[in-house]
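As given, the protein sequences belong to chains A and B, one line each in that order. Count along the first sequence from 1, then add 1; that gives the number in our numbering. Count along the second sequence from 1, then add 1; that gives the number in our numbering. Positions of the beta carbon are idealized from the N, C-alpha and C atoms, including for glycine.
Protein chains: 2
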Amino acid sequence: MDKQLATTIFESLASGVRLDVFRLLVKNAPSGLVAGEIATLLALPPTNLSFHLKALTQSGLLSVVQEGRYQRYRANLPIMQELIAYLTAECCTGHPEQCFDGDSASGCCDTEPSIQSTQADSYNL
Amino acid sequence: MDKQLATTIFESLASGVRLDVFRLLVKNAPSGLVAGEIATLLALPPTNLSFHLKALTQSGLLSVVQEGRYQRYRANLPIMQELIAYLTAECCTGHPEQCFDGDSASGCCDTEPSIQSTQADSYNL
DNA sequence: TTAATAGTTCAATAATTGTTGTATAGTTGA
DNA sequence: TCAACTATACAACAATTATTGAACTATTAA
């Protein structure tokens, strides 16, 4: 997971239509749906749906296989987990235990710590 | 977490600049950084950074507190966890055990199951 | 009080993304 | 082969988002 891919994935889900499509295919995992079914269920013109399916597929969020004249789309769930790992990989300067306690993230960064330095001398890139 | 919020969050991260800002603040959690530090580190004009910080804050990904003449920004990590839960809540028609085995998602939907029905009679909205 | 600093808002412009109809390519069944 | 069907590619247009400089508000220090 690099920055370019992460941005592409977020762009892919940054549309109401594409978010609907992806969630519909998550619901219908692992069998997936063919394009026409998606168009019917979401009441979308075929050209518009095709535009969004292309974006989702190119970002890796969907996979597609041909079945005769149909195109069957499936959601790629693991990529979402990789995305989260990418976002939180260097959480808290490599000390994620400050943020996450096991499976729960409820302890992370939602507290307001006292101000430590008004003028930072060294940053944390 | 509703659709509108989810879309807004994805839109917020669907920009290279905003993704850089958010990850920088994840790294620098929980102390956060003030706007000028972010601008310096990412080499962004103040107006442009302000534009993106506003988007990130309005979506809830960042919190901001005033410190004198400074504005300190912090990443809101838990919202990301809520977002993932939203995306996978109805995974596999309410049978996520088909997809996720405990903490790992590696088993989910990355296999290509044999085609079950070419023409679906009932959908799964 | 005055000058300097930090950050935002606003307006204009540039750039990107979304939507639609028409045309096209591939598949199926008569 | 031919007509119907599924889906995508293309082009034109509409709509949204990103970027920048100038002006403005608030805070700090002299």
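The beta carbons of S13 (chain B) and L57 (chain B) sit about 5 Å from each other, so the pair counts as a contact at 8 Å. For G61 (chain B), not one C-beta of chain A is nearer than 9 Å to its own C-beta. Three or more Cβ pairs drawn from the stretch 81–92 of chain A and the stretch 2–12 of chain A lie within less than 8 Å of each other, which places the two stretches in contact. Distance from the CA of E91 (chain A) to the CA of S16 (chain B), rounded to the nearest whole angstrom, comes to 20 Å. A contact is defined here as three or more CB-CB pairs under 8 Å, and the stretch 39–51 of chain B fails this definition with respect to the stretch 61–71 of chain B. Annotation for L20 (chain B): the continuous alpha helix (DSSP H) segment containing it runs 17–28. Bridge partners of L34 (chain A) according to DSSP: A:Y74. Residues of the same chain with their beta carbon placed closer than 8 Å to that of R24 (chain A) are lacking, with the five preceding and five following residues left out of the count.
With contacts defined as CB atoms closer than 9 Å, R75 (chain A) and Q67 (chain A) fail to qualify as a contacting pair. Spatial neighbours of L88 (chain A) in its own chain (CB-CB distance under 8 Å, excluding positions within 5 residues in sequence) are listed in chain order as A7. Chain A places a beta carbon closer than 9 Å to that of V27 (chain B), counting this residue as a contact. Put simply, the backbone Cα of Y71 (chain A) is about 7 Å away from that of A36 (chain A).
Taking 9 Å as the threshold, the shortest C-beta distance from T58 (chain A) to chain B does not fall below it. Taken in chain order, the members of the stretch 71–83 of chain B whose beta-carbon sits within less than 8 Å of a beta-carbon on chain A are Y71, R73, R75, A76, N77, L78, P79, M81, Q82. Selection B:V65, B:L42, B:M2 evaluated against P31 (chain B) yields B:V65 as nearest (Cα-Cα).
With 16 or more other CB atoms across the displayed protein chains lying within 10 angstroms of its CB, K28 (chain A) is buried.
Within chain A, no C-beta atom comes less than 7 Å from the C-beta of F52 (chain B); the nearest is roughly 16 Å away. Residue contact with chain A for A40 (chain B): absent (no Cβ-Cβ distance below 9 Å to any residue of chain A).
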